[in-house]
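Structure first, then comments.
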C-alpha cells in the first residue's frame, strides 16, 4: 500500500462465525492485546510510512499511548497523553505528540484496528435457556460518526449540514453474539453506505444461529438466502412489504391482525408478491398510551428529517409486529417478542461507546487529529470489550456501564504492565475480580431488565 492511502472497509470481514469458539482466558486476552498493540501496530507503522527510521516512538507505543490514554480518560489532553507515553517508557512532549497526528498516523491506526478485528475473543455461553436453543444469537446494527468535511475524500458522508448529514462521516458496523459476547466489528464503511451492503454480511452466520437486525438490513432476498442455509431470523416487518394470507391473496396487515380477534397473534404468512417467502407473523397490541408515545416519536423523527409520516405507519403504532422463520416448535409468540427486544442490546453498546468512550467527541478541530482519535478510541473500546468478556459476560445480570468504569480505573495499570505478559495477566485478573464482585444490575419490577425477561421465558 502506498504512503498516504487509506484502507477502504467496504470489503467483507473474514468469517469468524462458522467455528465454535473456545472460551477465552486471561492469558489469551493478554496475548491478543500484545499482538495487536505491539506486533501488528509496529508493522502498521512501517507500512503506512508513519515510522520511517528507528525512533523511540514506534507504531506500537503510539497506538498504546492513545488507546490506554483515552481508555483512562476519553477527554485526555495532549499533556495527559504524554504522561501515558511516559508510563510506557516513551519520553515525548505534548507538542511533539501533536505533530504526529498526520495522514500516515491515521492510516497506521486504521490498520491496527483492522488487525484487532481478526482476534476472536469469546466467553463461555451465558446460562439463559431461551438463547441456548440457537447456535448463537446475533444482534447487528450500525452507528454513524460525523467527521470534518475535509475528510470526505476518505469517508464520504450524506451531504447537507445537519449533524447526521455531513460531507464526511464514518459508519461503524457491529455484530454481537449475545450468547458468548463475541464481537464482530467495529467494521468501517463510508457514512453514505447502505446497511444492506455492510462489510459484515449476514450470509456468513452458522446454521442454527438466530439473527436480529434493524429495518435498515431488511431484504427479502437476504432473508430467503438465510432461510435456505438454515439460519433463523427475527425482525420487524417493513411497512411497504406485501403480505399474503393463507389464500395467497395480498392482505392489509392491520386488517389481517384485527381479523384474528386477539391482542396476541401468531399466524403463517408469505412476504413479497414475487418472492412469496413463508414465515410467521408475530404481533401484540400495545396499550393506547404506548401507541401514542410511538406516534409522537415517529412525528418528531420525521420533522428532523423534513418528511411526513404516512397514515399507515401511524396506524401500525398500535402493534408490535415481527416476522420470523423460527418454527413454532422452537419459539412461542411470547418468547419471540422477548427476543425482538434484544435488538436494543447493540444500541446500548453503541451508547456505552459514545457516552463512556466518547468515540465521536474530540477536543480538537484538526481533521487528521480527529480521525486518529476516532480510530484509537474504537481500538480502546475493542480492548475494553475483550476485558469485559472474560470478566463478566457469563453473568446474565452484568452491568456493562459499571464494568466499563472499572476498566477505566485500571487503564494506566494495564499500560504499566503491558510489556510483561505475566504482569498484564495479573492486572486483568484484578479487573475481573472487581467486576465479578460489584458490576451487576438491580432487578426492576416496574420495567424488567432484558435478563429478567429472558429468565421469565424459555425455561
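Residue numbers (the working numbering): 2 to 460. C-beta: ideal position from N, C-alpha, C; glycine also. What you are looking at is a predicted structure, and each value in this text was computed from that prediction instead of being measured.
Closest by C-alpha distance to residue 270, when choosing among 263, 258, 264, 262: 258
Length of the line joining the Cα atoms of residue 41 and residue 366: 28 Å
Among the residues of its own chain, which have a CB less than 6 Å from the CB of residue 136, if the five just before and after it don't count? Closer than 6 Å at Cβ, skipping near neighbours: 207, 209, 210.
Could you tell me whether the Cβ atoms of residue 390 and residue 113 are closer together than 9 Å? Not in contact: residue 390 and residue 113 (Cβ atoms no closer than 9 Å).
Run through DSSP, which three-state label would residue 361 get? For residue 361, the three-state secondary structure derived from DSSP is coil.
Touching by the beta-carbon criterion (3+ pairs, under 8 Å), the region 96-114 and the region 66-83: yes
Answer yes or no: do residue 267 and residue 282 have a C-beta to C-beta separation smaller than 9 Å? Between residue 267 and residue 282, the CB-CB gap stays under 9 Å.
Identify every run of the alpha helix (DSSP H) within the region 57-133, keeping only runs that are complete inside it and at least 4 residues long; order them along the chain. 60-73, 79-88, 95-99, 104-118, 130-133
Please state whether DSSP places residue 249 in a helix, a strand or coil. coil
Please report the straight-line C-alpha distance between residue 96 and residue 79, rounded to a whole angstrom. The alpha-carbon atoms of residue 96 and residue 79 are separated by roughly 8 Å.
CA nearest to the CA of residue 402, picked from 63, 440, 370: Closest by alpha carbon: 440.
For residue 35, the nearest candidate out of 432, 436, 387, 445 (CA to CA): Checked all of 432, 436, 387, 445; the closest Cα to residue 35 is 387.
Could you tell me the alpha carbon to alpha carbon distance between residue 204 and residue 81, rounded to whole angstroms? 44 Å
Determine, using beta-carbon pairs with one atom in the region 435-453 and one in the region 416-425, whether at least three such pairs fall under 8 Å. no
Between the CA atoms of residue 218 and residue 275 - distance to the nearest angstrom: Taking the straight line from one Cα to the other gives about 19 Å.
Helix, strand or coil: which one does DSSP assign to residue 324? strand
Using only the alpha-carbon positions, how far apart do residue 383 and residue 370 sit? 20 Å
Taking only three categories from DSSP, how would you classify residue 435? helix
Which residue comes first and which comes last in the alpha helix (DSSP H) that contains residue 382? 368-393
Label residue 13 either buried or exposed according to how many other C-beta atoms from any shown protein chain fall within 10 Å of its C-beta, with 16 as the threshold for buried. Note that residue 13 scores a pLDDT of 40, beneath 50, so its modelled location is shaky; the value from the coordinates is reported in the next line. Of the other Cβ atoms in all chains shown, fewer than 16 fall within 10 Å of the Cβ of residue 13; this residue is therefore exposed.
Quick one: is residue 162 buried, meaning 16 or more other Cβ sit within 10 Å of its Cβ, or exposed? Residue placement at residue 162 is flagged as unreliable, the pLDDT there being 44, under the threshold of 50; the coordinate-derived value follows with that caveat. It counts as exposed.
Mapping DSSP to helix, strand and coil, what is residue 39? Helix, per DSSP.
With burial defined as no fewer than 16 other Cβ atoms inside 10 Å of the residue's Cβ, what is the status of residue 482: buried or exposed? Since the first residue of the chain shown is 2 and the last is 460, residue 482 is not available in this structure.
So, residue 321 versus residue 260, is the Cβ gap smaller than 9 Å? no
Chain-order list of residues whose beta-carbon lies under 6 Å from that of residue 215 (same chain, five-residue window excluded): Correct list, in chain order: 142.
Could you give the DSSP three-state label for residue 451: helix, strand or coil? helix
What residues are listed by DSSP as bridge partners for residue 271? 245, 279
Over the uninterrupted alpha helix (DSSP H) stretch that includes residue 354, give me the two end residues. 345-356
Pairing CB atoms from the region 323-332 with CB atoms from the region 182-197, are three or more of them under 8 Å? no
Specify whether the region 425-443 and the region 393-410 touch according to this definition: at least 3 beta carbon pairs, one from each stretch, less than 8 Å apart. yes
Span separating the alpha-carbon of residue 121 from that of residue 254: 42 Å
Return the CA-CA distance between residue 298 and residue 290, expressed in angstroms with no decimal places. If I take the Cα positions, the gap works out to 13 Å.
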